[in-house]
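Numbering (the working numbering), first residue to last: 4 to 188. These notes are about the structure you will find just below.
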Amino acid sequence: MISAGEFRNGVTFEYEDNVYQVVEFQHVKPGKGAAFVRTKLRNVITGGVVEKTFRPTEKMPKAHIERKDMQYSYNDGDLYYFMDQDTFDMMPLNAESLGDALKFVKENDVVKILSYKGNVFGVEPPNFVELKIIETEPGFKGDTATGATKPATLETGAVIAVPLFIDNGEVVRVDTRTGEYMERA
4 MISAGEFRNG VTFEYEDNVY QVVEFQHVKP GKGAAFVRTK LRNVITGGVV
54 EKTFRPTEKM PKAHIERKDM QYSYNDGDLY YFMDQDTFDM MPLNAESLGD
104 ALKFVKENDV VKILSYKGNV FGVEPPNFVE LKIIETEPGF KGDTATGATK
154 PATLETGAVI AVPLFIDNGE VVRVDTRTGE YMERA
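Take a look at the structure:
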């Protein structure tokens, strides 16, 4: 059990028949009245974000989210196949349960499969990936405006904003959490 007074970012717990992860929390002690904890919670199954307040003494059961490294093998229609690196078993997951998680993942990349009580609910790609740009407008000599960007299509099909000096065929590092260009690889 965990009390609301012990909340920290990333803590997962069960509440009202759902599993939540703390995104933000704030302990509030008003001048008058009882203290409370204001939180922003993400439902780990559906991905929805809600705001809730708790008394610091409220207790909830802690939820253990299992993260297992698996290799993305291939896609067959609506099914995506992942290989367990220890047993070499293949696990199919449907596109609807993955959401946008694979837009920065290419075949043979290792991802974390997230499950709760044996039910797989998501995929967590690595924080940073290196991908090749397959299509972007050419940069022109003299395009040196500070912070100017242009759209670029990556080898996985995702589109990100890159600086004007990046050309087709270059490999770039992308932050998968924000979808932002980081640097040339």
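All C-beta atoms, glycine included, are put in the ideal place defined by N, C-alpha and C.
Counting C-beta atoms within 10 angstroms of its own C-beta, Thr60 has fewer than 16 neighbours from the protein chains shown and is therefore classed as exposed.
The beta carbon of Lys65 lies closer than 6 Å to those of Ile5 and Phe16 in the same chain, with the five residues before and after it left out. If you draw a straight line from the Cα of Asn111 to the Cα of Ala155, it comes to about 23 Å. C-alpha of Asp89 to C-alpha of Lys32: approximately 49 Å in a straight line.
Secondary structure remark: continuous beta strand (DSSP E) runs of at least 3 residues inside the segment 113 to 169, in chain order: 113 to 119, 122 to 127, 131 to 139, 152 to 157 and 162 to 166.
For a cut-off of 8 Å, the C-beta gap from Lys71 to Lys120 is around 14 Å, too long to register as a contact. Below 8 Å, too few C-beta pairs join the segment 38 to 56 and the segment 75 to 93 to call them touching: fewer than three. Annotation note: the segment 17 to 54 contains the following uninterrupted beta strand (DSSP E) runs of length 3 or greater, listed N- to C-terminal: 21 to 31 and 39 to 46.
Looking at the DSSP output, Arg187 bridges to Val175. Taken atom to atom, the span from the alpha-carbon of Leu101 to that of Val123 is near 10 Å.
Judged by DSSP secondary structure, Glu69 falls within the beta strand (DSSP E) whose first and last residues are Glu69 to Asp79. Burial is judged here by how many other beta carbons sit within 10 angstroms of a residue's own beta carbon; Ala7 has at least 16 and is buried. Ile163 sits buried, since 16 or more C-beta atoms from the chains shown fall within 10 Å of its C-beta.
Phe10 sits buried, since 16 or more C-beta atoms from the chains shown fall within 10 Å of its C-beta.
Buried is the label assigned to Pro166, since at least 16 other Cβ atoms lie within 10 Å of its Cβ. The residue from Gly182, Ala151 and Phe168 with its alpha-carbon nearest to that of Leu157 is Gly182.
Leu101: member of the alpha helix (DSSP H) spanning Ala98 to Leu101, first to last residue. When C-alpha distances from Lys106 are compared across Ser118, Ile68 and Pro129, the shortest belongs to Pro129.
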